[in-house]
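Protein sequences, first through last, are from chains A and B.
Counting in this note's numbering, the first sequence runs from 1 upward without gaps.
Counting in this note's numbering, the second sequence runs from 289 upward without gaps.
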Amino acid sequence: MFTLQILANGVVLGCLYACIAVGFSLVWGVLNVINLMHGSFIVLGSYLAWGAYNALGLSPWASLAIAAPLFYALGYLVQRGVLNRVIAAPVLVTLTLTFGLDLILNNAMLLGFKADYRKLLLDPPLGSVAWGSVVVPVDRIIAMLLALALTAILYVILRKSRIGRAIIAVRLDRDAARLMGVNVATTYAAAFGLGAAMAGCAGVLLALIFPISPLSATPYLGKAFVVCVLGGLGSVPGAVLGGLILGLVESFGAFAFGPEHAVTLSFALLILFLIFRPQGLLGKRGFE
Amino acid sequence: MRITSLFARGAVSPLSKFLLSAAVAATPVAFGSAALAQETIRFGAPLPLTGALAPEALKQQQGYDLWAEQVNKAGGIDVGGKKMKVEIVYTDYQSNTPRAVQAAEQLITQEKVNFLFSPFGSGAAKAASTVSERYKVPTIASTASSSQVYDQGYKYLFGTFTPNDTLTTPLTELVVKQAPDVKRVAILARNDLFPLAIAQEMEKSAKQNGLEVVSFERYAINTMDHSSALAQIKSQNPHWIFATGYINDLVLLRKQIDDQRIEAQVVTMIAGPAYQEFIDAAGAGAENISSAAWWHPAVRYEGVDIFKTADNYVELFRAKYNATPDYAQASSSISGDLFRLAIEKAGSLDRDKVRDELAKMDVVTFWGPVRFGPTGQINSLEPPVFQIQGAKAIVVHPPEIKQGELRLGVK
Numbered sequence: 001m002f003t004l005q006i007l008a009n010g011v012v013l014g015c016l017y018a019c020i021a022v023g024f025s026l027v028w029g030v031l032n033v034i035n036l037m038h039g040s041f042i043v044l045g046s047y048l049a050w051g052a053y054n055a056l057g058l059s060p061w062a063s064l065a066i067a068a069p070l071f072y073a074l075g076y077l078v079q080r081g082v083l084n085r086v087i088a089a090p091v092l093v094t095l096t097l098t099f100g101l102d103l104i105l106n107n108a109m110l111l112g113f114k115a116d117y118r119k120l121l122l123d124p125p126l127g128s129v130a131w132g133s134v135v136v137p138v139d140r141i142i143a144m145l146l147a148l149a150l151t152a153i154l155y156v157i158l159r160k161s162r163i164g165r166a167i168i169a170v171r172l173d174r175d176a177a178r179l180m181g182v183n184v185a186t187t188y189a190a191a192f193g194l195g196a197a198m199a200g201c202a203g204v205l206l207a208l209i210f211p212i213s214p215l216s217a218t219p220y221l222g223k224a225f226v227v228c229v230l231g232g233l234g235s236v237p238g239a240v241l242g243g244l245i246l247g248l249v250e251s252f253g254a255f256a257f258g259p260e261h262a263v264t265l266s267f268a269l270l271i272l273f274l275i276f277r278p279q280g281l282l283g284k285r286g287f288e
Numbered sequence: 289m290r291i292t293s294l295f296a297r298g299a300v301s302p303l304s305k306f307l308l309s310a311a312v313a314a315t316p317v318a319f320g321s322a323a324l325a326q327e328t329i330r331f332g333a334p335l336p337l338t339g340a341l342a343p344e345a346l347k348q349q350q351g352y353d354l355w356a357e358q359v360n361k362a363g364g365i366d367v368g369g370k371k372m373k374v375e376i377v378y379t380d381y382q383s384n385t386p387r388a389v390q391a392a393e394q395l396i397t398q399e400k401v402n403f404l405f406s407p408f409g410s411g412a413a414k415a416a417s418t419v420s421e422r423y424k425v426p427t428i429a430s431t432a433s434s435s436q437v438y439d440q441g442y443k444y445l446f447g448t449f450t451p452n453d454t455l456t457t458p459l460t461e462l463v464v465k466q467a468p469d470v471k472r473v474a475i476l477a478r479n480d481l482f483p484l485a486i487a488q489e490m491e492k493s494a495k496q497n498g499l500e501v502v503s504f505e506r507y508a509i510n511t512m513d514h515s516s517a518l519a520q521i522k523s524q525n526p527h528w529i530f531a532t533g534y535i536n537d538l539v540l541l542r543k544q545i546d547d548q549r550i551e552a553q554v555v556t557m558i559a560g561p562a563y564q565e566f567i568d569a570a571g572a573g574a575e576n577i578s579s580a581a582w583w584h585p586a587v588r589y590e591g592v593d594i595f596k597t598a599d600n601y602v603e604l605f606r607a608k609y610n611a612t613p614d615y616a617q618a619s620s621s622i623s624g625d626l627f628r629l630a631i632e633k634a635g636s637l638d639r640d641k642v643r644d645e646l647a648k649m650d651v652v653t654f655w656g657p658v659r660f661g662p663t664g665q666i667n668s669l670e671p672p673v674f675q676i677q678g679a680k681a682i683v684v685h686p687p688e689i690k691q692g693e694l695r696l697g698v699k
């Protein structure tokens with residue numbers, strides 16, 4: 001029974017990690033841009049949910065509908081206006097650029113919201129459900145289901161829609177895609193927009209679970225990195241799988257070796273993957 | 289200025305460094321007459337104004353600034369009949385302890401400060417105390433609790449925090465007295481200097497009071513999930529959960545304790561609940577969480593210091609910073625005023641006389657009763673144990689200032 005509880009904790013946590021990482025993975029995989037602003041986008045999404053709930057009484061589910069287009073637009077503009085100018089440069093250039101943009105965004109949030117930790121407290125609280133002795137908090141279940149749903153929607157967009165096919169085409173071969181009449185600049189902006197929208201929505205969901213502060217941006221980014229390496233870059237199912245593995249490893253690792261080793265263990269796993277399977281579980285070789 | 293920049297670039301050999309600092313050490317004597325003519329009293333404060341510890345430095349700075357402002361508003365410090373204004377000279381040591389020592393030395397030798405405040409925390413305060421001892425500059429550490437800081441036989445170092453065990457022992461005794469059926473304690477500590485030290489003291493206090501420590505686990509800095517650790521704690525069925533960490537850890541932990549439907553007679557958290565931010569972020573979950581700190585706005589002492597009472601201090605602090613002070617800011621403010629009291633008693637800025645007055649000090653302040661032990665660390669203070677009741681922190685110990693009784697049961 002105890003193992004079941006640890007398993008449940010791991011699966012739920014894994015889905016939250018997937019939710020954190022999927023947008024980051026998309027942007028890295030398609031654009032070859034390591035978006036260091038990703039963590040700050042998530043935090044900004046959390047503030048949106050927090051502010052909308054406390055000031056306007058909007059539920060986080062309603063905020064989700066606001067966050068998606070808003071963050072899409074934000075991402076689209078950042079890519080169109082700034083990143084596209086250096087997109088052909090080596091990855092270090094875009095990395096430095098997003099690093100700088102993140103410094104600006106994160107410090108702006110520190111100025112605007114202060115470093116105080118805040119929490120979105122629903123009234124009444126959602127509580128938790130129990131099956132036998134296995135207890136799972138409702139907010140995590142909802143966040144998990146919505147994260148999976150968002151990821152599925154993203155998957156469908158990439159597979160079925162015109163822009164999604166264009167994103168995949170550009171990812172496979174930028175020049176060939178251009179010759180086929182794909183507008184590469186717009187496609188990049190759309191991909192970055194989708195990544196930002198996923199980050200914003202993740203932030204809204206995570207506002208229910210984690211304390212909110214600009215200082216949380218770095219831990220989110222760290223988790224996104226690990227999940228991407230485990231799951232494989234640019235692969236939506238890969239992000240889910242990577243998240244699940246990370247969640248399970250941390251849960252069982254904390255149980256077996258003590259909580260102080262949970263993080264050590266996940267980074268040890270990261271190193272092993274980098275050595276033996278750098279493309280990740282579902283990534284394609286030569287894509288990193 | 290030139291000397292430090294030479295040091296920084298490593299352009300000077302160790303021997304000439306020694307000679308240079310010897311020369312610098314001699315300077316105040318040579319220009320002693322200039323010091324006599326000064327109009328303000330200069331206090332040096334090396335602080336980690338940038339880097340990882342910046343939030344802590346900001347708190348100390350707020351505390352010192354508020355004190356200086358109040359003293360100057362009242363005309364200054366009475367030095368043998370002459371009113372002198374005070375000035376705080378800050379240097380940034382960038383959260384880098386070796387640089388804190390350099391910064392302290394620079395304040396003494398180049399900025400010619402009369403007195404010194406220690407850098408932040410036990411480690412840096414201990415490192416810098418060597419410098420102030422060498423130059424015989426009375427120094428007050430406002431944020432150093434470890435007794436190892438004070439056991440070096442130094443004469444010029446004083447500290448306003450009692451040792452860590454003074455936080456855990458009264459709390460344990462109180463719980464044992466009020467809830468004799470509390471037997472099993474589970475401890476969960478952030479693997480970090482102060483949170484771990486407090487947890488270790490708790491383990492000792494628990495054992496001394498006949499409690500069984502059923503688990504002692506550490507979690508890593510930046511842990512985003514405590515569910516496994518809590519599932520284990522739940523399976524051990526403790527009566528008392530004792531968790532340490534900073535506010536983000538404790539807010540998350542409190543929520544996850546609730547998520548996992550863990551109930552205990554007593555849940556104690558250090559150091560988050562001392563801040564209003566915790567009560568806001570934990571919401572209903574904050575109810576009945578107990579904690580301890582060196583000071584809390586709820587303490588009630590009638591002081592002879594410039595702030596007189598905690599209420600007055602909180603009011604002045606709110607007016608200046610639009611926030612509620614916690615023990616870090618209060619300790620910095622009282623450290624300043626202990627200097628004022630000692631200087632006025634000594635009637636002079638003579639460092640040795642002021643040092644002797646500090647050593648003899650026996651006063652009640654808004655911070656609490658202040659007497660320094662033979663090591664220089666305060667030994668008169670009984671840090672308050674408090675509990676969140678009705679979204680407010682209520683002091684439940686010591687008896688002289690308590691506002692309510694410890695309530696059992698945290699759901």
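We put the CB at the ideal spot given by N, CA and C, even for glycine.
{"query": "Close Cβ partners of Thr98 (chain A) (< 8 Å) along its chain, the five nearest in sequence each way excluded", "result": "Val33, Ile34, Asn35, Leu36, Met37 and Leu83"}
{"query": "Reduced DSSP category for Ala333 (chain B) - H, G, I as helix; E, B as strand; rest coil", "result": "strand"}
{"query": "Chain-order list of residues whose beta-carbon lies under 6 Å from that of Arg506 (chain B) (same chain, five-residue window excluded)", "result": "Ala477 and Asn479"}
{"query": "Interface flag, Glu565 (chain B) vs chain A, CB-CB below 7 Å", "result": "yes"}
{"query": "Through-space distance from Val129 (chain A) to Leu4 (chain A), alpha-carbon basis", "result": "14 Å"}
{"query": "Neighbourhood of Val27 (chain A) by C-beta distance below 7 Å, restricted to the same chain and skipping five residues each side", "result": "Val33, Asn35, Ala191, Phe192 and Gly195"}
{"query": "Spatial neighbours of Ala310 (chain B) in its chain, beta-carbon cut-off 7 Å, leaving aside the 5 residues before and after", "result": "Caution is warranted here: a pLDDT of 44 is assigned to Ala310 (chain B), below 50, making its placement in the model unreliable, and the coordinate value is therefore given only provisionally. So the list is empty, once near-sequence residues are dropped."}
{"query": "Distance CB(Pro137 (chain A))-CB(Ala517 (chain B)) smaller than 7 Å", "result": "no"}
{"query": "Buried or exposed (CB count within 10 angstroms, at least 16 for buried), Pro451 (chain B)", "result": "buried"}
{"query": "Cutoff 7 Å: Ile20 (chain A) Cβ touching any chain B Cβ", "result": "no"}
{"query": "DSSP-derived helix/strand/coil call for Lys707 (chain B)", "result": "Beyond the ends of chain B as shown, which are 289 and 699, falls residue 707 (chain B); an answer cannot be given."}
{"query": "Beta carbon proximity, Lys114 (chain A) to chain B, threshold 7 Å", "result": "no"}
{"query": "Partners in chain B for Tyr294 (chain A), counting only beta-carbon separations shorter than 7 Å", "result": "The requested residue 294 (chain A) does not occur in the structure, where chain A is confined to residues 1 to 288."}
{"query": "One or two residues paired with Phe403 (chain B) in a DSSP bridge", "result": "B:Phe331"}
{"query": "Cβ-based burial, Phe2 (chain A) [other Cβ within 10 Å; buried from 16]", "result": "exposed"}
{"query": "Thr663 (chain B) beta carbon less than 7 Å from that of Tyr423 (chain B)", "result": "no"}
{"query": "Closest by C-alpha distance to Ala413 (chain B), when choosing among B:Gln390, B:Asn600 and B:Asp625", "result": "B:Gln390"}
{"query": "Proximity of Ile6 (chain A) and Phe252 (chain A) at Cβ, strictly below 7 Å", "result": "yes"}
{"query": "7 Å CB neighbourhood of Ile168 (chain A) in its chain, flanking five on each side removed", "result": "Leu158"}
{"query": "Residue ranges of each beta strand (DSSP E) within the segment 598-670 of chain B, 3 or longer", "result": "650-653 and 656-659"}
{"query": "Stretch pair the segment 517-526 of chain B + the segment 535-548 of chain B: three plus CB contacts closer than 8 Å", "result": "yes"}
{"query": "C-alpha gap between Ser433 (chain B) and Leu696 (chain B), whole angstroms", "result": "29 Å"}
{"query": "Buried or exposed by the 16-neighbour rule on C-beta atoms within 10 Å, applied to Asp102 (chain A)", "result": "buried"}
{"query": "Helix, strand or coil at Leu236 (chain B) according to DSSP, with G and I counted as helix", "result": "What the structure shows of chain B is the stretch from 289 to 699, and residue 236 (chain B) is not part of that stretch, so it cannot be assessed."}
{"query": "The segment 209-222 of chain A / the segment 104-116 of chain A touching (three or more Cβ pairs under 8 Å)", "result": "yes"}
{"query": "Distance CB(Tyr220 (chain A))-CB(Ile20 (chain A)) smaller than 7 Å", "result": "yes"}
{"query": "Cβ separation of Ala581 (chain B) and Tyr615 (chain B), assumed to be a contact under 8 Å, to the nearest whole Å", "result": "5 Å"}
{"query": "Where the segment 213-242 of chain A meets chain B: residues whose CB sits under 9 Å from a CB there", "result": "Ser213, Leu215, Ser216, Thr218, Pro219, Tyr220, Gly222 and Lys223"}
{"query": "Span separating the alpha-carbon of Ala143 (chain A) from that of Val539 (chain B)", "result": "19 Å"}
{"query": "Below-7 Å beta-carbon distance, Ser321 (chain B) vs any chain A residue", "result": "Reliability of the predicted coordinates at Ser321 (chain B) is poor, the pLDDT of 40 falling under 50, and the value obtained from them is presented with this limitation in mind. It does not; no Cβ of chain A falls within 7 Å."}
{"query": "7 Å Cβ cutoff, Ser81 (chain A) in contact with chain B", "result": "A quick correction: the sequence has Gly, not Ser, at residue 81 (chain A). Cβ-Cβ to chain B under 7 Å: no for Gly81 (chain A)."}
{"query": "Residues, ordered as in the chain, of the segment 368-382 of chain B that lie near chain A by beta-carbon distance below 9 Å", "result": "none"}
{"query": "Span separating the alpha-carbon of Arg330 (chain B) from that of Val425 (chain B)", "result": "12 Å"}
{"query": "Beta carbon proximity, Leu324 (chain B) to chain A, threshold 7 Å", "result": "For Leu324 (chain B), the predicted structure reports a pLDDT of 47, less than 50, and the residue's modelled location is therefore unreliable. The matter cannot be settled from this model."}
{"query": "Under 7 Å between C-beta atoms of Ser636 (chain B) and Gly368 (chain B)", "result": "yes"}
{"query": "The segment 62-71 of chain A touching the segment 165-179 of chain A, judged by at least three CB pairs closer than 8 Å", "result": "no"}
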